[in-house]
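Residue numbers (our numbering), protein chains in the order written: chain A, 2 to 116; chain B, 13 to 122.
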Amino acid sequence: GAVVSQHPSWVICKSGTSVKIECRSLDFQATTMFWYRQFPKQSLMLMATSNEGSKATYEQGVEKDKFLINHASLTLSTLTVTSAHPEDSSFYICSALGLVAYEQYFGPGTRLTVT
Amino acid sequence: EDKVVQSPLSLVVHEGDTVTLNCSYEVTNFRSLLWYKQEKKAPTFLFMLTSSGIEKKSGRLSSILDKKELFSILNITATQTGDSAIYLCAVPPNAGKSTFGDGTTLTVKP
Chain A
2 GAVVSQHPSW VICKSGTSVK IECRSLDFQA TTMFWYRQFP KQSLMLMATS
52 NEGSKATYEQ GVEKDKFLIN HASLTLSTLT VTSAHPEDSS FYICSALGLV
102 AYEQYFGPGT RLTVT
Chain B
13 EDKVVQSPLS LVVHEGDTVT LNCSYEVTNF RSLLWYKQEK KAPTFLFMLT
63 SSGIEKKSGR LSSILDKKEL FSILNITATQ TGDSAIYLCA VPPNAGKSTF
113 GDGTTLTVKP
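Structure below.
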């Protein structure tokens with residue numbers, strides 16, 4: 002089946018620094034990937050849709066200058082949290098649009114802690 | 013605005029019990045309804061439902077969709093502690109961009 006990886010799985014950074022999270026589709030090409038954020042005991046919140054070769058589409062309320070998304074190839078999308086603050090601490094999950102219509106394949110997630 | 017509502021939000025049962033999780037939806041362009049199980053990491057896919065009245069089954073889990081009443085249920089029989097997780101329901105009105113419900117947190121006690 003389709004596999005999506007994320008790196009790193011866990012990161013701790015200091016306030017004010019930037020952190021990059023990678024999302025890779027390992028055995029298929031993904032023209033569309035999605036970035037979600039999840040707070041403890043809450044559901045997934047879509048942050049943005051990442052399309053290969055074009056600008057990401059951000060959901061309302063998500064700061065595009067703070068959460069930079071780059072989908073430079075058909076197998077890689079990156080999310081950079083710039084000037085991170087403690088309130089950015091969260092679980093970030095990416096997914097890739099699947100081969101079966103409307104099915105998403107999720108990465109294992111990245112837990113970000115900003116101190 | 014598309015909406016997906018899951019109930020209950022939280023459920024605690026004992027091993028061996030049967031549980032029913034609910035998902036109702038209002039979307040402008042329904043194509044399918046997806047169920048996911050989320051343990052400590054990212055969600056794993058359980059079922060995709062597109063047609064009313066056709067039960068999908070996988071072991072002790074089953075799910076059915078009612079497109080007239082706009083809801084789906086996920087049943088788990090003979091629950092085990094390993095079934096403890098958040099169960100998410102999602103409706104993708106267009107390619108991949110799913111609207112997720114708030115999830116049902118299921119805790120199965122030994």
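By construction, the Cβ of each residue, glycine as well, lies at the ideal position given by its N, Cα and C atoms. Since the model is a prediction, treat every value here as computed from it, not as a measurement.
- When A/116, A/107, A/112 and A/114 are compared, the shortest CA-CA separation from residue 57 of chain B is found for A/107.
- The beta carbon of residue 65 of chain A sits closer than 8 Å to those of 49, 57 and 59, all from its chain and outside the five residues before and after it, given in chain order.
- Runs of the beta strand (DSSP E) lying entirely within the region 4-78 of chain A and spanning at least 3 residues, in chain order: 5-8, 11-14, 20-26, 33-39, 46-52 and 68-74.
- Within 10 angstroms of the beta-carbon of residue 40 of chain A lie fewer than 16 other beta-carbons, which makes it exposed.
- Per DSSP, the unbroken beta strand (DSSP E) holding residue 120 of chain B starts and ends at 116-121.
- Residue pairing from DSSP places residue 15 of chain B in a beta bridge opposite B/38.
- For residue 95 of chain B, the secondary structure class from DSSP, reduced to helix, strand or coil, is helix.
- The secondary-structure analysis by DSSP pairs residue 114 of chain A across a beta bridge with A/13.
- If you draw a straight line from the Cα of residue 92 of chain A to the Cα of residue 34 of chain A, it comes to about 17 Å.
- In the three-state reduction of the DSSP assignment, residue 78 of chain B falls in the strand class.
- When C-beta atoms of the region 26-33 of chain A are compared with those of the region 73-81 of chain A, three or more pairs fall below 8 Å, so the two segments count as touching.
- Closest option to residue 69 of chain B, judged by alpha-carbon separation, among B/85, B/22 and B/80: B/85.
- Nearest neighbour of residue 23 of chain A by Cα position, chosen from A/81, A/86 and A/105, turns out to be A/81.
- Only those residues of the region 73-102 of chain B whose C-beta falls short of 7 Å from the nearest C-beta of chain A are listed: 100.
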